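Protein chains in written order, with my numbering: chain E, 20 to 350; chain P, 74 to 345; chain V, -2 to 355.
Ideal Cβ placement from N, Cα and C applies to all residues, glycine included.
Note that the structure is predicted; figures quoted are calculated from it, not measured.
Everything below concerns the one structure shown next.
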């Protein structure tokens, strides 16, 4: 087989893997959108916040230490203990539930019935707020996140595939972490589907997604469901934060993956979980392949915009997305 | 089609002219659902034409076809002697067809006056640059059209709420503002989608008076949908009766009242 | 006591649709103009110009532009940064290609160029709505920034990849470059702001403004009563782009002098201007001023209070700024979706009846 083709295959596979990560972020959006019609821009910052909190708890960092030190002249930084990864993840999940409750209590409850675009802008405000809070809490420097996930290329796959090409081909390079992420994402989606199909809360969640009024009338508490949904989205953010944080460090740019998730949603439709996954894969593969094939001709870094332009063109021809229902307009 | 060109004279002595709009074998489908099935009727110059029928009969869909919001799956719409080509709804509006909506569709963020002025948009032609400069052409045009809008506002007796944002008005007044917006366009054909829905008796009386006055003073052709049978029979010159997307009756109120199919489908169960 | 409309009778429709129907407002407006044009230029210094006045004037233009698109026509855009970049780079190209032409012309041409680009990116709005469109405008943001970063022609093949404004003058007075006096840059920007605000006011009170607002409030109904949605949306994109382009051109040439596109016109700029519009008030020209003033002053005030008075490190103050801006956005959306402009209106309403409110 020609090497060029094999390289393309490698790019394709890596695109699929990064697509999984996009899908993971997009999933959080879909959950909240389905249940409450809110397009939660803060999802990316939630992932950042969750990852920072996780690192902070694991390292035993004192929250808000920087500001406490400045005001009181103290010199706090660490409690001096280390929390095992699993416990830290549980604690962080707890923090995300608390956050969900606060958001519902302080923000969303007061915006019920507003236009979607107002809600969207409110979540942009929320994103800024949360970003500021997480910087104040844990400091804004780049942090390393290591909860013991395998990293680096998979030698096994490289060895297995090295024989496929000529002398210049050393086998497929596939990141172990990406593979773990794929497995985790699959588990997460399965878990969510099981949760929404077979538990009482899950069914209530779907009922709310279908029709708020009807759900209210059969005695489902909207408040509770929304807190639940934001918590689940917080948990999804945590998982996404762990994956991205392990890959490229916990830092501000992590919150920007939310922006990447937006075109994914536009392709897949805002209300469809399979749509989020397929959309994520298309974007992941598409931008990697485009950069591989066209990038060198136009100066590279096309990943910056490819996803958006693809989504834009796609929407112009199919405004409801891949899996969305056809929009029938009424007066 | 007998008396295609000549009109007729109504019981109260008004002269009704030739055909303004003719619906020829209109069928409208949404996917597998047939909302309108092979309906034909005409609307004549200066008459008040009503479309009635039980819920879900397809009346509003019919009005949407006339105003161009829905394109019929089959059949032709003839307006003022010409077959209507494929057009965007705003082009149809600019041909002189104005309407109101069943669930009020006013621009909530704007004042009453601005809402009424939107009805004049089709008559205002000054360009971007002229408007940016304002003084001169744009202002003159604004004033000229404002006068028309003010006449309509006077006519419908809503002067006192001119500058009020529409969002703050009670339901009955909103209905009236919507009528004002439609009238400001000086339409040749006015479509009213349940103009009296949800009103009390007094408001209905007011609205009926306005509809008759519009028809009388401006000679505007009116097509309306209404549930209140008493009102329909009093107001309209001719009535189309629809049921399950089909036309089951067409004629003067008296003819319709005595039509057996209509009685079975609708009037038999009406409460008045 | 002075704030009265009684006795101030309107006898023609011209008078009724003027910008400031109440006499007191009108006089105050003339007073503000007089101070801005006749007093400030004589007392201005570099600190005031660069820290407060220039950013305020320039952001106010951008905010007016975005407000036309978002507040009046209801088309949410997250591409403001990218469009400002178009204005900046167009201005740069015109300045270097035609050095002898007046700066006024360059800035206006830059605005026109941005209007064209903005209309092109506005075309999808004919098919897609709401936040689908908002996300689609991100395509403009990221694509444009990438374009100016990667295509050397735009920055005249300079080694740094930056663009820096050469010295240009208007009637012999330096406007750009490090030697331009503070009062001149201030006046130059002020003239453009006044010009833009007047145009915006004229457009929004007339036919075009009404068709924008009709599309915003209920697009389907608007089309049925005769608003051409294509014309309404594209003119909104065009006019908005014109203003945003002017603002981008001034931001680069008069205010910063040298610009790296990703830094100066990134996505954060889009959000900043959007926040000005929200905090100031959607659908209000005055609100655009108020929002721009607020968000320009906030960091300055925070810095003075946090760093100079309390002695905190600058990064903490910067983080606090995020928290405060985020919280303010939420508070405004909850308490007063119409922004500062509405607070102002309510205050005026009260004042009109004062001291006998019953």
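Keeping to the same chain, check which residues put their C-beta closer than 7 Å to that of residue 201 of chain E; ignore five residues upstream and five downstream. As a working mapping, residue 201 of chain E is identified with position 182 in the first chain. These residues qualify, in order along the chain: 36 and 39.
By how many angstroms is the C-alpha of residue 169 of chain V removed from the C-alpha of residue 98 of chain V? Taking the third chain and counting its residues from 1, the one referred to as residue 98 of chain V is at position 101. Taking the third chain and counting its residues from 1, the one referred to as residue 169 of chain V is at position 172. Each residue's alpha carbon lies about 12 Å from the other.
Can you give me the C-alpha to C-alpha distance between residue 70 of chain V and residue 206 of chain V, rounded to a whole angstrom? Taking the third chain and counting its residues from 1, one reaches residue 70 of chain V at position 73. Taking the third chain and counting its residues from 1, one reaches residue 206 of chain V at position 209. The straight-line gap from Cα to Cα measures roughly 8 Å.
With DSSP run on the structure shown, which of helix, strand or coil describes residue 290 of chain E? The residue given as residue 290 of chain E occupies position 271 in the first chain. Here residue 290 of chain E sits in coil by DSSP.
Distance between residue 121 of chain E and residue 297 of chain E (C-alpha atoms, nearest Å): Along the first chain, one-based indexing puts residue 297 of chain E at 278. Along the first chain, one-based indexing puts residue 121 of chain E at 102. The straight-line gap from Cα to Cα measures roughly 32 Å.
If we ignore side chains and look at the alpha-carbon of each, how far apart do residue 246 of chain P and residue 264 of chain E end up? As a position in the second chain, residue 246 of chain P is number 173, starting the count at 1. As a position in the first chain, residue 264 of chain E is number 245, starting the count at 1. Each residue's Cα considered, the two are about 58 Å apart.
Exposed or buried, what is residue 93 of chain P when buried is set at 16 or more other beta-carbons lying within 10 Å of its beta-carbon? Taking the second chain and counting its residues from 1, one reaches residue 93 of chain P at position 20. Residue 93 of chain P should be labelled buried.
Test item: CB-CB of residue 287 of chain E and residue 295 of chain E under 7 Å: Start at 1 with the first residue of the first chain, and residue 287 of chain E comes out as number 268. Start at 1 with the first residue of the first chain, and residue 295 of chain E comes out as number 276. Cβ distance < 7 Å, so residue 287 of chain E and residue 295 of chain E count as in contact.
Where residue 136 of chain E meets chain C, residues with beta-carbon distance less than 7 Å: Here the protein chains are E, P and V, and chain C is not one of them.
Just to confirm, are residue 146 of chain E and residue 64 of chain E a CB contact at a threshold of 7 Å? Here residue 146 of chain E corresponds to residue number 127 of the first chain, with the count starting at 1. Here residue 64 of chain E corresponds to residue number 45 of the first chain, with the count starting at 1. Cβ atoms of residue 146 of chain E and residue 64 of chain E: closer than 7 Å.
When the Cα atoms are used, what is the spatial distance from residue 389 of chain V to residue 96 of chain V? An answer regarding residue 389 of chain V cannot be provided, because it is not within the stretch -2 to 355 covered by chain V.
Near-chain E residues of the stretch 215 to 235 of chain V (beta-carbon distance less than 8 Å), N- to C-terminal order: 217, 218 and 221
Option in E:261, E:283, E:133 and E:109 with minimal Cα separation from residue 49 of chain E: In the first chain, the residue the question calls residue 49 of chain E occupies position 30. Nearest option by C-alpha distance: E:283.
Alpha carbon to alpha carbon, how far is residue 358 of chain V from residue 309 of chain V? Outside the displayed range of chain V (-2 to 355) lies residue 358 of chain V, so it cannot be described from this structure.
Would you say residue 89 of chain E reaches chain V, if we count a Cβ-Cβ gap shorter than 7 Å as a contact? Taking the first residue of the first chain as position 1, residue 89 of chain E is located at position 70. Taking 7 Å as the CB threshold, residue 89 of chain E lines the interface with chain V.
If you draw a straight line from the alpha carbon of residue 109 of chain E to that of residue 264 of chain V, how long is it in whole angstroms? One-based indexing of the first chain puts residue 109 of chain E at position 90. One-based indexing of the third chain puts residue 264 of chain V at position 267. Cα to Cα, residue 109 of chain E sits roughly 34 Å from residue 264 of chain V.
Which residues of the stretch 297 to 319 of chain V have a Cβ closer than 9 Å to any Cβ of chain E? Give them in chain order. 307, 308, 309, 310, 312, 313, 315, 316, 317, 318 and 319
Which same chain residues end up closer than 8 Å to residue 226 of chain V when comparing Cβ atoms and leaving out the 5 residues on each side of it in sequence? Looking up residue 226 of chain V in the third chain gives position 229. 123, 212, 216, 219 and 220.
The alpha helix (DSSP H) that contains residue 316 of chain E, what's its start and end? If you number the first chain from 1, residue 316 of chain E lands on position 297. That run of the alpha helix (DSSP H) goes 314 to 317.
Please check if any C-beta of chain V sits within less than 7 Å of the C-beta of residue 129 of chain E. The residue labelled residue 129 of chain E in the question sits at position 110 within the first chain. Taking 7 Å as the CB threshold, residue 129 of chain E lines the interface with chain V.
Would you verify that the beta carbon of residue 331 of chain V is, or is not, closer than 7 Å to some beta carbon of chain E? Mapped onto the third chain, residue 331 of chain V falls at position 334. Answer yes: the Cβ-Cβ gap between residue 331 of chain V and chain E drops below 7 Å somewhere.
Alpha-carbon to alpha-carbon, residue 100 of chain V and residue 164 of chain V: Locating residue 164 of chain V in the third chain gives position 167, counting from the first residue. Locating residue 100 of chain V in the third chain gives position 103, counting from the first residue. Cα to Cα, residue 164 of chain V sits roughly 10 Å from residue 100 of chain V.
Simplified DSSP state of residue 173 of chain V, which is helix, strand or coil: As a first step, residue 173 of chain V must be located in the third chain, where it is residue number 176. Correct three-state label for residue 173 of chain V: coil.
Endpoints, beta strand (DSSP E) assigned at residue 295 of chain P: To locate residue 295 of chain P, count along the second chain from 1; it is residue 222. Residues 294 to 298.
Expressed to the nearest angstrom, what Euclidean distance is found between the alpha-carbon atoms of residue 310 of chain E and residue 147 of chain V? Locating residue 310 of chain E in the first chain gives position 291, counting from the first residue. Locating residue 147 of chain V in the third chain gives position 150, counting from the first residue. Their backbone Cα atoms lie some 14 Å apart in a straight line.
With 8 Å as the limit, tell me which residues of the stretch 140 to 157 of chain E have their beta carbon closer than that to any beta carbon of chain V; keep them in chain order. 140, 141, 143, 144, 145, 146, 147, 148, 149, 150, 151, 152, 154 and 155
Is the beta carbon of residue 265 of chain P closer than 7 Å to that of residue 297 of chain P? The count along the second chain starts at 1 and reaches residue 297 of chain P at position 224. The count along the second chain starts at 1 and reaches residue 265 of chain P at position 192. At the C-beta level, residue 297 of chain P and residue 265 of chain P come within 7 Å of one another.
Three Cβ pairs or more, each shorter than 8 Å: is that satisfied between the stretch 189 to 204 of chain P and the stretch 123 to 132 of chain P? no
Spatial distance of residue 126 of chain V from residue 193 of chain V (CA atoms): Translated into the one-based positions of the third chain, residue 126 of chain V becomes position 129. Translated into the one-based positions of the third chain, residue 193 of chain V becomes position 196. Each residue's alpha carbon lies about 27 Å from the other.
Reference residue 126 of chain P, options P:197, P:119 and P:109, closest by Cα: Sequence index remark: in the second chain, residue 126 of chain P carries index 53 (1-based). It is P:109 whose Cα lies nearest to the Cα of residue 126 of chain P.
Contacts of residue 151 of chain P in chain V (Cβ-Cβ under 8 Å): In the second chain, residue 151 of chain P corresponds to position 78, counting from 1. Going along chain V, no residue has its Cβ under 8 Å from residue 151 of chain P, so there is no contact; the nearest lies around 20 Å.
Residue of V:188, V:329, V:161 and V:275 minimising C-alpha distance to residue 68 of chain V: Numbered from 1 along the third chain, position 71 holds the residue referred to as residue 68 of chain V. Comparing Cα positions, the closest option is V:275.
Strictly below 8 Å CB to CB, what residues from chain P border residue 11 of chain V? The residue given as residue 11 of chain V occupies position 14 in the third chain. Against chain P, the beta carbon of residue 11 of chain V has neighbours under 8 Å at 212 and 216, listed in chain order.
Same chain, Cβ closer than 7 Å to residue 343 of chain P, neighbours up to 5 away in sequence not counted: For the purposes of this step, residue 343 of chain P is taken as the residue at position 270 of the second chain. Here the model assigns residue 343 of chain P a pLDDT of 47, short of 50, so the residue's position is not dependable and the matter cannot be decided.
Per DSSP, which residues does residue 238 of chain P bridge with? Please list them. Position 165 of the second chain holds residue 238 of chain P. According to DSSP, residue 238 of chain P bridges with P:184.
The stretch 82 to 99 of chain E / the stretch 236 to 246 of chain E touching (three or more Cβ pairs under 8 Å): They do not touch, by the three-pair rule.
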